[in-house]
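Asks: Attaching a single structure in structure tokens format; questions to follow.
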Amino acid sequence: MRPRIALSGSAGVGKTTLGRRLAQELGLPFIEEGMRRRLEGGLRLHEFGPGDYEDLIEELWDEQYEQQVACAATGFVADRSPYDFAAFWLHYGFMADRERTERTMARLLEQGREYDHVLLLPWGAIPLENDGVRSTDRWTQLRFQSIVEGLLERFAPAGQVCRAESTGDARARLTWARAIVGG
């Protein structure tokens with residue numbers, strides 16, 4: 001079986017850039033995170049009502065997971081992990097429905113165990129880019145990063161998570177990632 005790799009971390013840490021390059025070099029499919037595509041396609045979050053955000057997070061994860069299952073035999077590089085989706089749930093405070101939260105978190109944390117490697121990219125190594133999609137508030141991004149790091153520390157299997165050094169150098173990151181995954 002080929003490697004199942006996910007990139008993890010807050011917005012703007014370089015997951016997509018590294019993921020695309022790593023997938024290309026390893027000859028693996030790159031599985032994009034779906035929120036950007038939706039926002040660029042006109043999704044209007046301000047029109048959401050109660051429960052709509054939670055539905056969206058679950059829908060985005062379901063779509064990504066389906067793609068990953070389809071690529072499991074060949075391997076893949078994914079932009080985000082289930083731990084990131086669990087962190088979204090906590091970051092945005094979706095805990096009002098306790099049963100749904102327990103069910104969602106249990107599923108995400110269990111599916112997180114299916115990866116060979118989760119490459120955690122550091123907060124603050126790359127300046128946040130104002131692309132009109134992600135928040136450029138560094139403290140909002142640090143809060144998300146802290147949640148995802150806590151989930152990885154507490155729930156990821158031993159040896160699964162690899163933390164990148166605090167460098168914004170794309171070549172150095174790619175060299176590091178290839179060394180981790182054996183490519």
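Residue numbers for the sequence shown follow full-length UniProt numbering, beginning at 1 and rising by one.
Don't be surprised by glycine CBs; every beta carbon is placed ideally from N, CA and C.
What you are looking at is a predicted structure, and each value in this text was computed from that prediction instead of being measured.
1) Assuming the contact rule is C-beta atoms closer than 8 Å, S81 and V118 should be a hit. Round their C-beta distance to whole Å, please.
2) Does the segment 82 to 94 come into contact with the segment 103 to 112, if we say contact requires no fewer than three beta-carbon pairs (one atom in each stretch) closer than 8 Å?
3) Is D79 helix, strand or coil when you go by DSSP?
4) Could you check what DSSP says for V181 in three-state terms: helix, strand or coil?
5) Which residue from E114, P122 and T136 puts its Cα closest to that of E149?
6) Determine the contact status of V77 and L28, defining contact as a CB-CB distance below 8 Å.
7) Just to confirm before moving on: does the CB-CB distance between S174 and L18 stay below 8 Å?
8) Buried or exposed: E33, going by 16 or more other Cβ atoms within 10 Å of its Cβ?
9) With a 10 Å radius around its C-beta and 16 neighbouring C-beta atoms as the bar for buried, classify R98 as buried or exposed.
Replies: On the basis of the data shown:
1) Position 81 of the sequence shown holds residue 81. Position 118 of the sequence shown holds residue 118. Yes, they are in contact, since the Cβ atoms of S81 and V118 sit about 5 Å apart, within 8 Å.
2) Cβ pair count under 8 Å is three or more, so yes.
3) As a working mapping, residue 79 is identified with position 79 in the sequence shown. The answer is strand: DSSP assigns D79 an E or B state.
4) Here residue 181 refers to the residue found at position 181 when the sequence shown is read from its first residue. In this structure, V181 counts as helix in the three-state DSSP scheme.
5) Taking the first residue of the sequence shown as position 1, residue 149 is located at position 149. Residue nearest to E149 within the set E114, P122 and T136 is P122 (criterion: CA-CA distance).
6) As a first step, residue 77 must be located in the sequence shown, where it is residue number 77. As a first step, residue 28 must be located in the sequence shown, where it is residue number 28. Yes.
7) The sequence position of residue 174 within the sequence shown is 174, counting from 1. The sequence position of residue 18 within the sequence shown is 18, counting from 1. Note that residue 174 corresponds to Leu in the displayed sequence, not to Ser. It is a contact, given that the beta carbons lie within the stated cut-off.
8) As a position in the sequence shown, residue 33 is number 33, starting the count at 1. Under this definition E33 is a buried residue.
9) Working through the sequence shown from its first residue, we reach residue 98 at position 98. Exposed is the call here.
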